[in-house]
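Engineer: Here's a structure for you.
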Amino acid sequence: MRSQRSLGVVAVLGLISWFCALYTTTAIDIPMEVLGHVNIEQLPTITDQSPNTVIAFPFDESFPVTCEAKGNPEPEFRWTKNGVEFDPFLDPRLMKEENSGTFVIPNNGNLTEYQGIYRCYASNKRGTAISEEIEFYVPNVPKFPKETLDPVVVEEGQAFTLQCDPPKGIPPLQIYWMTINLQHIEQDERVSMGLNGDLYFSHAEKKDSRRDYCCFAAFPRIRTIVQKTAMSVIVKTKKSDMSPGAANAILDRRPSLLTPSGVRSETQLVKGEDLKLECIAEGFPTPQVEWVKIGHQLPVRAKLENHGKLLIVPTVEQEDSGKYMCKAKNPLGETIHYFTVRVEEPPEWVFEPESQLSMIGSEVLIKCSASGTPQPTITWRVNGVPLQNAPAANRKTLDDTIILHNAKESDSAVYQCEASNRHGSLLSNANIMIMNLPPMILTKEGEDYSAVQGNGVMMHCRVFSSPPSTITWSRDDSSESVEGPRLSVHDNGSLEIYSVEKDDMGQYTCLAKNTEGTSAIDAMLYVKDPTSIVVAPEDQQILIGTTAQLSCLAEYDKSFSNDFQLLWEKDDIELTLNYTENSRYFVEDGTLQIINVSHRDQGVYKCVARTPVDRATASALLMVLDVPDAPDNLVLSEHKSRSVKLKWFPGDDHNSSTTEFIIEYEESQWEPGNWKELLRVPGNHNSAVAQLHGHVDYCFRVSGVNAVGRGPPSEPSERYKTSPAAPDKNPGNIKIEGHLPHEMDINWEPLLLIEHNGPGLEYKVSYRRQDIEEDWKEHVVKRHSFVVKNTPTFVPYEIKIQAKNHQGWGPEPKILTGYSGEDFPSAAPDDVAVEVMNSSLVKVSWMRVHKDKLHGHLGGYRINWWRLRSLAESKKSHGEKHTLTFPGDRNHATIPGLTPFSEYSLIVMTFNGRGNGPGSHPVNFKTPEGVPEKNPVFRVTDVQKHTVSLVWDPPSEPNGILTGYLLDYQFINDTEEVGPQRTVDISNPRTTKWILRDLEPLSKYKFSLRSCTTVGCGPVVSEESTTTLETSLASIHGGISTQGWFIGLMSAIALLTLIVLIACFVNRNKGGKYSVKEKEDLHPDVESQGMNDDTFCEFSDNDEKPLKGSQHSLSREIKAGDSGDSLVDYGDEDAQFNEDGSFIGEYAGRKEKRVSAEIKAATQTPA
């Protein structure tokens, strides 16, 4: 009910209207608190009633007609039927209830006698309320009449109509045209059904002849479908007048309307209904229908149905009124029809009368007005009796308002206002109560209110009285009314304080006063600190499947410690935290944890800090990141012989923009079920043109990629098979090699199966010599290799390879140049010279081998060298062979890592893809002296109070003539303090033991030793030791090592060991002098010179490959594998060099050092 007031014609009417405003409701409800203290009579009020129409559906068991009301005293009920008194209690078939106006009509007899319009009256001694009219409608079962229908006979091309004439029934009505076998009659531009259910034919055709046109009428509300007698149509064939017996002919004719008839018609409908206008025309060719609204555009809601013959404007408004026109036209002409549309409205309240509680002697205004088209008629009643039949001296009617002057308690009544036009009616009951009551405060005494500083608070003082009371508020036993810009007393008595301050705390009193008396209550206001969020959750982007954490901390008034709540909401719905094993939400110390985040967790999360008086909130957006969803609706279009266009709808990118789409294909011939990538397109594209191979049955799918990863693929597309075609390309990665001198191997990478473009793939290999004039030689093969035999050694050829299949040849191939097989180089480098750079590095130079002697592609040069002897010894011993490989065309190189003070020999050779050429003449050279290596043994043997004994071994490689040793020692301790360093120069190189004297007792010393040559001293070896507090007993009386018998025994053992070592050394070197071996190195066996293609740059020090020719110069007692004298007895190790031959790798000569150490140990005399 709307609460609006009339300004009235005089000021007093406005005053009365304001006076009554506190009690404007649908019905005057006396609060229960008031009724507990005083018995107040109330007018009746209808609380429930049946709808305006009650339909007696045959499948329902009973039909209640409802009327309920309240009042004090309890109202009594009576009914009228069709305006005549009707007493349900007089009919035993009706079911009734005590203290209720409702009765129930059972579905067990003739219901038509109850059909009619009912109205309920609820009365007590204060007045009468009435219900709206209730129509009880008993529908008849709709039936088509039984009839015999003559066949409809028409000539071909003639228009005709089949009438349905459906029976009346409860709407909605649905009409169908079908055959006797329940097959729908096909409708199109020529054949269509009108709004009245008739079937219209624009012109007859031979196929329209049939005997079972049936009209079915369906009434869904009563669950009934009825069928009309089948109709028969006979279409007579029309022959052409120009040539009898020729083809059938239909004469063209201009359009005319089958419905509606005439040129104009008028349509009236009620606002909110659907406007339906139709124009069905006949003619040949079949006319087309157009629609316009005269002077305006068609409503945007308008739509056309039934092939343009039906215009529908749903839920019409007043602005849809006007003139509409339909135009039916074909090439011979046109016809038109005008529709005048008027939209009317049922009654609608402008001012609905409202219930009022007024004091005795006041002026009461009751206003009622309504709008509608046509304008509704207003009818007034009082207690259900027409106003003119219940006159009152103090009552006047002024336009749409009833005025009660100087109202008395006896003027209390129920006034009814009914507004009606032809489209409906409205009824409103207004309870007018006239009485005086002293103030009764309904709010509880001593209420406590809590307010937050800075917020507002409302303290209530609900009063019931007549006339209305004046309400004032005071504070802390003061009689002065509270005032101020932050305080306001509302019409309902409540005191509102805006922006509460701490000083507002205290006791407040509400005082209600009217002409009948006064009443007061007290209330207490407490002011609390505000609740605030100090740590707010932040927006997050979280990866799906991980754990999200949202933190929230709040501050609040400590008095609410037991009442404070920190809650979480998602999209304004509170999260339920059950803390079970299946729960994914956990809150601890204000932090919300979401376990295993999924898409449904995305949203706005709100932290709510709540106390009984206020709340603070903070929100954060949680965005869940995931790979893109699979694209939808992948379709193929623009099918061409070698391409197709793919289109798709991208899937949800889950908050991470799609960067690209991957298109994959699967073919059914060679690798069915194996998906391969075809192409990629940017993420802002949703289509792509795929270039395809021939003779392939394709299937496609698409997947999206974003920053998270690659998403699932779409559903596979339909299959698309391309036609066979000649190859698009020739094989690639062609390799031309010569493994043997008189052959040329040609290999290539075959075309992929999908690149065949058709069956029957073969390759045509064409070749010819480049250095002479000759024709191409051609061979067609299916494999991907070919060997050309009987070629000259290392001559250039031109080669090309072309693919073909049953459809034809591939593109013209490119011509490549290659060489036939290589042979070993036949010449060695000349003028080999060695320049000594330092004690461990030499530079080797030579004259390049002429290209005619290479017999292949120059691979580079190899240098083999070996150590003959140490210059400290006179006897030569063929040392370990070393090899360095230098790729490319060069005439010099450097050899690093040589042993100082040694004699070496080297040879240089070239190599190609076939292997090594012969070696050059050997060149001997010597390296100068260097500093010795580190002493292998240096240790402290005897430590006393003032002395320390030291022993050592000579360096394993002196790298020159040893001149002596430098022995350094100095005092150290566990702190940073050190003593001066003292040096002992030991000039005898045979000395291997020394005793240091005059040392401090209980002191820590560091001892260092270096071996020296004339060039300088080598690296330092160090030891540390601490002297003792007292001299040991062994040092006083002499140790066992100083006794004569012990010295003799040790000398005998040493001599015996030396003899055994000399015998082993002689046996090892048995077999002749090294001059024989050196001669063998100059002429290595040709078979041993072969090299693997992979050994391009190598450094070798292997001794397990025997040279065949060298074995004959050795004693028969020595096995071939034991020989250490041949150059090719040694393996190769790789090393890297710069362009100029300088060494950049690590030189390895461990074996040579080991052998030298063994010889040294066998010849040196122990100290």
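Quick note: the sequence shown, position 314, residue 598 per the working numbering, numbers continuous.
Built from N, CA and C at the ideal position, the CB exists for glycine as well.
Predicted model, so just to flag it, every value in this text is computed and none were measured.
1. Check Thr-521 in the structure and name its three-state DSSP category.
2. Quick check on this structure: which residue in Arg-1294, Ile-1179, Asn-1122 and Glu-1096 has the alpha carbon closest to the alpha carbon of Trp-1150?
3. Closest to Ile-644 by C-alpha separation, out of Glu-618, Glu-961, Glu-693 and Leu-1037, would be which residue?
4. Leaving out the 5 sequence neighbours to the left and right, which residues in its chain are closer than 6 Å to Ser-1050 when beta-carbon positions are compared?
5. For my contact list, Val-992 and Leu-827 are in at a C-beta cut-off of 8 Å; report their separation, rounded to the angstrom.
6. What residues match up with Glu-1027 in a beta bridge as DSSP calls it?
7. Roughly how many angstroms separate the alpha carbons of Val-1003 and Asp-981, rounded to a whole number?
8. With a threshold of 8 Å on Cβ separation, who are the neighbours of Trp-1130 within its own chain once the five nearest residues in sequence on each side are excluded?
9. Please name the residue in Tyr-1103, Ile-1343, Gly-730 and Asp-916 whose C-alpha comes closest to that of His-1139.
10. Could you say which of Gln-953, Ser-704, Ser-642 and Pro-934 lies nearest to Pro-966 if we only look at CA atoms?
11. Considering only the beta carbon of each residue, do Gly-978 and Ala-1009 sit closer than 9 Å?
12. Give me the residue from Ala-1087, Met-717 and Leu-1024 with the minimum Cα distance to Gly-1042.
13. Counting only runs of 3+ residues fully inside the stretch 904-950, write out the beta strand (DSSP E) ranges in chain order.
14. Assuming Val-425 and Leu-395 are in contact, meaning their beta carbons sit under 8 Å apart, how far apart are those beta carbons, in whole angstroms?
15. Give the C-beta separation of Arg-280 and Thr-815 to the nearest angstrom, bearing in mind that I take them to be a contact with Cβ-Cβ under 8 Å.
16. Assign Leu-1182 to one of two classes, buried (16 or more other C-beta atoms within 10 Å of its C-beta) or exposed (fewer than that).
17. From which residue to which residue does the beta strand (DSSP E) around Ala-807 run?
18. When you compare each of Ile-506, Val-669, Glu-638 and Gln-975 to Arg-964 by their alpha carbons, which one comes out closest?
19. On the DSSP letters alone, give me the boundaries of the beta strand (DSSP E) that Met-717 sits inside.
20. Shortest alpha-carbon distance to Gly-1244 belongs to which of Leu-850, Val-1268 and Ser-1295?
21. Pairs of beta-carbons, one from the stretch 802-812 and one from the stretch 733-745, closer than 8 Å: are there three or more?
22. Using 8 Å as the Cβ pair cut-off and three pairs as the minimum, do the stretch 938-945 and the stretch 1019-1029 touch?
23. Tell me which residues share the same chain as Val-576 and place their Cβ nearer than 6 Å to its Cβ, disregarding the 5 neighbours each side in the sequence.
24. By how many angstroms is the C-alpha of Lys-1127 removed from the C-alpha of Asn-1148?
25. My assumption, with CB atoms under 8 Å, is that Ala-565 sits in contact with Pro-539. Please give the rounded CB distance.
26. Compute the Euclidean distance between the alpha carbons of Phe-568 and Lys-613, then round it to the nearest angstrom.
27. So the candidates are Gln-1254, Gly-768, Ser-655 and Tyr-1047; which of them puts its Cα closest to the Cα of Gly-1016?
28. Specify, as a first and last residue, the run of the beta strand (DSSP E) that Gln-877 falls within.
29. Output yes or no for whether 9 Å exceeds the beta carbon distance between Lys-929 and Asp-885.
30. What is the residue span of the beta strand (DSSP E) that Ser-476 lies within?
31. Are Ser-1233 and Lys-1290 closer than 9 Å when you measure CB to CB?
32. Quick check: is the beta carbon of Arg-1281 nearer than 9 Å to any beta carbon in chain D?
33. Looking at Asp-496 and Ile-464, is the spacing between their C-beta atoms short of 9 Å?
34. I need the DSSP call for Glu-1033, collapsed to helix, strand or coil.
35. Leaving out the 5 sequence neighbours to the left and right, which residues in its chain are closer than 7 Å to Lys-1218 when beta-carbon positions are compared?
36. Could you check where the beta strand (DSSP E) with Leu-771 kicks off and where it finishes?
Structural biologist: With the given structure in hand:
1. On the sequence shown, position 237 is the one that residue 521 refers to. In this structure, Thr-521 counts as coil in the three-state DSSP scheme.
2. Locating residue 1150 in the sequence shown gives position 866, where the first residue counts as 1. Checked all of Arg-1294, Ile-1179, Asn-1122 and Glu-1096; the closest Cα to Trp-1150 is Ile-1179.
3. The residue given as residue 644 occupies position 360 in the sequence shown. Comparing Cα positions, the closest option is Glu-693.
4. Here residue 1050 refers to the residue found at position 766 of the sequence shown. Cβ neighbours of Ser-1050 beyond the five flanking positions: Trp-1060, Glu-1062 and Lys-1084.
5. Your numbering for residue 992 matches position 708 in the sequence shown. Your numbering for residue 827 matches position 543 in the sequence shown. Yes, Val-992 and Leu-827 are in contact; Cβ-Cβ is about 7 Å, under 8 Å.
6. Reading the sequence shown from its first residue, position 743 is the one you call residue 1027. In DSSP, Glu-1027 forms a bridge with Lys-1073.
7. Along the sequence shown, read from residue 1 onward, the residue named residue 1003 stands at position 719. Along the sequence shown, read from residue 1 onward, the residue named residue 981 stands at position 697. Checking the sequence, you will find Arg at residue 1003 rather than Val. C-alpha separation (whole angstroms): 7 Å.
8. The residue you call residue 1130 lines up with position 846 of the sequence shown. Excluding positions up to five away in sequence, the list reads Pro-1113, Asp-1114, Asp-1115, Val-1116, Ala-1117, Tyr-1145, Asn-1175, His-1176, Val-1192 and Ser-1204.
9. Residue mapping note: residue 1139 aligns to position 855 of the sequence shown, counting from 1. The residue with the shortest Cα to Cα distance from His-1139 is Tyr-1103.
10. Here residue 966 is taken as the residue at index 682 of the sequence shown, counted from 1. The candidate whose alpha carbon is nearest that of Pro-966 is Pro-934.
11. By one-based count along the sequence shown, residue 978 stands at place 694. By one-based count along the sequence shown, residue 1009 stands at place 725. Yes, the Cβ-Cβ distance between Gly-978 and Ala-1009 is below 9 Å.
12. The count along the sequence shown starts at 1 and reaches residue 1042 at position 758. Considering only Ala-1087, Met-717 and Leu-1024, the residue with the shortest C-alpha distance to Gly-1042 is Ala-1087.
13. 916-921 and 927-933
14. Taking the sequence shown and counting its residues from 1, the one referred to as residue 425 is at position 141. Taking the sequence shown and counting its residues from 1, the one referred to as residue 395 is at position 111. About 12 Å; that fails the 8 Å criterion.
15. The shown model of the chain, from 285 to 1451, leaves out residue 280, and the question about it has no answer.
16. As a first step, residue 1182 must be located in the sequence shown, where it is residue number 898. By the 10 Å Cβ count, Leu-1182 comes out buried.
17. Position 523 of the sequence shown, counted from the start, is the residue given in the question as residue 807. Unbroken beta strand (DSSP E) run through Ala-807: 801-812.
18. On the sequence shown, residue 964 is found 680 positions in, with the first residue counted as 1. When each option's Cα is compared against that of Arg-964, the closest is Gln-975.
19. Here residue 717 corresponds to residue number 433 of the sequence shown, with the count starting at 1. Met-717 -> beta strand (DSSP E) spans 708-718.
20. Stepping through the sequence shown from its first residue, residue 1244 is reached at position 960. Nearest C-alpha to Gly-1244: Ser-1295.
21. yes
22. no
23. Locating residue 576 in the sequence shown gives position 292, where the first residue counts as 1. Once the five neighbours on either side are set aside, the close Cβ partners of Val-576 are Met-609.
24. Against the sequence shown, residue 1148 aligns to sequence position 864. Against the sequence shown, residue 1127 aligns to sequence position 843. Computed Cα separation, rounded: 13 Å.
25. Sequence index remark: in the sequence shown, residue 565 carries index 281 (1-based). Sequence index remark: in the sequence shown, residue 539 carries index 255 (1-based). Indeed, because the Cβ distance is near 5 Å, the residues count as touching under 8 Å.
26. Counted from its first residue, the sequence shown places residue 568 at position 284. Counted from its first residue, the sequence shown places residue 613 at position 329. Each residue's Cα considered, the two are about 10 Å apart.
27. Here residue 1016 corresponds to residue number 732 of the sequence shown, with the count starting at 1. Minimum Cα distance to Gly-1016 is reached at Tyr-1047.
28. Position 593 of the sequence shown, counting from 1, holds the residue named residue 877. Segment 875-878, the beta strand (DSSP E) holding Gln-877.
29. For the purposes of this step, residue 929 is identified with residue 645 of the sequence shown, where counting begins at 1. For the purposes of this step, residue 885 is identified with residue 601 of the sequence shown, where counting begins at 1. Not closer than 9 Å, so no.
30. On the sequence shown, residue 476 is found 192 positions in, with the first residue counted as 1. Segment 475-477, the beta strand (DSSP E) holding Ser-476.
31. Walking along the sequence shown from the start, residue 1233 turns up at place 949. Walking along the sequence shown from the start, residue 1290 turns up at place 1006. Their beta carbons are not under 9 Å apart, which means Ser-1233 does not touch Lys-1290 by this criterion.
32. You won't find chain D in this structure, because it holds only one protein chain.
33. As a position in the sequence shown, residue 464 is number 180, starting the count at 1. As a position in the sequence shown, residue 496 is number 212, starting the count at 1. Yes, they are a contact pair.
34. Residue mapping note: residue 1033 aligns to position 749 of the sequence shown, counting from 1. DSSP places Glu-1033 in strand when its eight states are reduced to three.
35. Here residue 1218 refers to the residue found at position 934 of the sequence shown. Answer for Lys-1218: Pro-1239, Gly-1302, Pro-1303 and Val-1305, listed in chain order.
36. Reading the sequence shown from its first residue, position 487 is the one you call residue 771. Where Leu-771 is concerned, the enclosing beta strand (DSSP E) stretches over 771-773.
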